[in-house]
Amino acid sequence: MAEENRRVALITGAAGGLGSAVAQLLASSGHDLALVDVREDALAVLVSDLAGSGARLETLPAELSNTSECERVVTETIARLGKVDILVNAAAILARRELEDVTASSFDEVFHINARAPFFLMRAVMPDMAKRNWGRIVNITSVGVYQGGEKMTSAPYEATKGAVSVFTKMFAKYGASQGILVNTVCPGAMKTRMILEGTPPDILQAIAEVTPLKRMAEPIEVARMIAWLCGDENSYATGATFDIVGGWVMP
Ligand SMILES: NC(=O)c1ccc[n+]([C@@H]2O[C@H](COP(=O)([O-])OP(=O)(O)OC[C@H]3O[C@@H](n4cnc5c(N)ncnc54)[C@H](O)[C@@H]3O)[C@@H](O)[C@H]2O)c1
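Okay, so the sequence shown: first residue is 1 according to the working numbering, each after it adds one.
What follows is the structure, given as structure tokens:
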């Protein structure tokens, strides 16, 4: 595909389980990628994994709790790859804490990364998408938006996902006249380090048991839905939430 016809996707949390699966799918389907994550070493591993894809790959290590970094990665993507057509906001932290251990700064940290960063990233990419009257943005929430988290230890995290859910709807209305479609994907439990690290095996087993499909999702299963939302085949979905939860919740 000629370089000027290739779409450019900016993926945050690109070194993570879900972000890297999205990167893999978009790289193999003719996209160029700006890969953003705070873990520089893991980004380098991802780039070597994607080396044979033919995609132009730019790594942008960034600490997205810093708003100026959110704006910088958008500016850098446009400088290096010419534009931004697609934004996938997959960076987040779970940051479980006992209720009595939550501090103002731990609360702020999870909000800054999970909710504030997507807001400023969306605002920053939209003027460039509007120039071509085409854009796709996907945010990621969690089943806690529907039913609250299972334990108080994830209360701030789940609340950030509620905020992201509202941002999706508001940016979808705002972007509609500019050809920018904004949606949310809500995964159930996915096999990524966010949940595999720090969750006892019996709890992981219990999550699988309450899920009608009796297992956690592979990240690639969720990534396929995101990739679809980022393409031309999605021409009418905006402001919507797409659940991919193995039947765990049926809101
Ligand atoms: N794993 C699950 O079960 C699950 C369930 C529901 C929703 N989600 C959501 O899916 C998305 C992807 O998460 P994942 O499961 O792939 O987890 P993950 O931990 O594998 O990936 C998250 C990535 O975000 C990056 N990140 C964290 N803080 C950052 C910061 N300050 N600046 C830049 N990058 C930062 C991490 O380095 C990591 O690579 C997240 O929004 C998460 O909340 C995950």
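Every residue, glycine too, gets a C-beta built ideally from N, C-alpha and C.
Please list the segments of the alpha helix (DSSP H) lying wholly inside the stretch 138-172, counting only runs of 4 or more residues, in order along the chain.
144-147
Between which two residues does the alpha helix (DSSP H) containing arginine 7 stretch?
Against the sequence shown, residue 7 aligns to sequence position 7. Taken as a continuous stretch (DSSP letters only), arginine 7 belongs to no alpha helix (DSSP H), being part of the beta strand (DSSP E) at 7-12.
Check whether the Cβ of arginine 193 sits closer than 7 Å to any heavy atom of ligand 1, and report yes or no.
To locate residue 193, count along the sequence shown from 1; it is residue 193. Within the cutoff, so yes.
With H, G and I counted as helix, E and B as strand and the rest as coil, what does DSSP make of methionine 122?
The residue given as residue 122 occupies position 122 in the sequence shown. Methionine 122: helix per DSSP, three-state reduction.
Please work out which residues of its chain come closer than 6 Å, Cβ to Cβ, to glycine 19, disregarding the five sequence neighbours upstream and downstream, and give them in chain order.
Counting from 1 along the sequence shown, the entry for residue 19 is found at position 19. Excluding sequence neighbours, glycine 19 sits near Ile11, Gly13, Ala90.
Three-state secondary structure assigned by DSSP to valine 249:
Taking the first residue of the sequence shown as position 1, residue 249 is located at position 249. Valine 249: coil per DSSP, three-state reduction.
Near tryptophan 248, which residues of its chain fall below 7 Å by C-beta distance, leaving aside the five closest residues on each side in sequence?
Locating residue 248 in the sequence shown gives position 248, counting from the first residue. Within the same chain, tryptophan 248 has close Cβ partners Val143, Gly188, Val210, Thr211.
Have a look at the DSSP bridge pairing and note the partners of proline 219.
Position 219 of the sequence shown, counting from 1, holds the residue named residue 219. Paired residues: none, contrary to the question.
DSSP three-state assignment for valine 136, whether helix, strand or coil
Indexing the sequence shown from 1 puts residue 136 at position 136. The question names valine, but residue 136 in the sequence shown is arginine. If DSSP states are grouped into helix, strand and coil, arginine 136 belongs with the strands.
Taking the beta strand (DSSP E) that aspartate 37 belongs to, which residues open and close that run?
Mapped onto the sequence shown, residue 37 falls at position 37. Segment 31-37, the beta strand (DSSP E) holding aspartate 37.
Are the CB atoms of leucine 94 and methionine 225 within a distance shorter than 8 Å?
Taking the first residue of the sequence shown as position 1, residue 225 is located at position 225. Taking the first residue of the sequence shown as position 1, residue 94 is located at position 94. No, these two residues do not count as a Cβ contact at 8 Å.
Taking only heavy atoms of ligand 1 into account, decide whether any of them is closer than 7 Å to the Cβ of threonine 12.
The sequence position of residue 12 within the sequence shown is 12, counting from 1. Checking every heavy atom of ligand 1 against the Cβ of threonine 12, one is found closer than 7 Å.
Please confirm whether methionine 122 and isoleucine 137 have their CB atoms less than 8 Å apart.
Residue 122 sits at position 122 when you count from the first residue of the sequence shown. Residue 137 sits at position 137 when you count from the first residue of the sequence shown. In contact: methionine 122 and isoleucine 137 (Cβ atoms closer than 8 Å).
Within its chain, find whatever has a CB closer than 8 Å to the CB of glutamine 178; leave out the 5 residues flanking it on each side and keep chain order.
The residue given as residue 178 occupies position 178 in the sequence shown. Met126, Met129, Ala130, Asn133, Gly135.
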